[in-house]
Amino acid sequence: RRRWRTDRFSPQNSPAVLLSPESCATSLLLSLRRSAERTLSSSSSPPPVRTHGINPPQHVGPVRIRNCVLGCPASYSSVARRSLEGCARAAGFDGTVRIVTES
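My numbering puts the first residue of the sequence shown at 472, with every later residue one more than the last.
What follows is the structure, encoded as structure tokens:
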């Protein structure tokens, strides 16, 4: 199993930490989810929605993002795709709607 050393990127006198690719992907997805939730929760007005004569939904309280769509390179194997989906679950997504293959 591969591990990445962080001492190449950290300042002097800080301890080196070994990270797996899965933990890096999990922390990145967690950061993106939290940032999106914070942005959507703090917006003063919801984005415009075509309602076709029906009253638009009112923006109420904090927003919880539950699902995601992930993109991965075409060269990813099915094991790597399952690992990416596991990282999304570890980052707090309830389910991955789709994994899109980028070409």
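Glycine included, C-beta positions come from ideal geometry on N, C-alpha and C. The model shown is predicted, which means the values in this text are computed figures rather than measured ones.
task = Quick one: using the 10 Å Cβ neighbour count with 16 as the cut-off for buried, is residue 559 buried or exposed?
result = buried
query = Per DSSP, what kind of secondary structure is residue 568 in: helix, strand or coil?
reply = strand
query = From this set, 545, 505, 534 and 543, which residue's C-alpha is nearest residue 562's C-alpha?
reply = 505
request  = With a 10 Å radius around its C-beta and 16 neighbouring C-beta atoms as the bar for buried, classify residue 495 as buried or exposed.
outcome  = exposed
query = Per DSSP, what kind of secondary structure is residue 542 in: helix, strand or coil?
reply = strand
inquiry  = Taking a contact to mean a Cβ-Cβ separation below 8 Å, would you say residue 539 touches residue 567 in this structure?
reply    = yes
request  = Please name the residue, chosen from 572, 552 and 557, that lies closest to residue 545 on a Cα-to-Cα basis.
outcome  = 572
task = Pull up the DSSP beta-bridge partners for residue 573, would you.
result = 544
message = With distance defined between alpha-carbon atoms, name the residue in 541, 508 and 557 nearest to residue 445.
response = The first residue shown for the chain is 472 and the last is 574, placing residue 445 beyond what the model contains.
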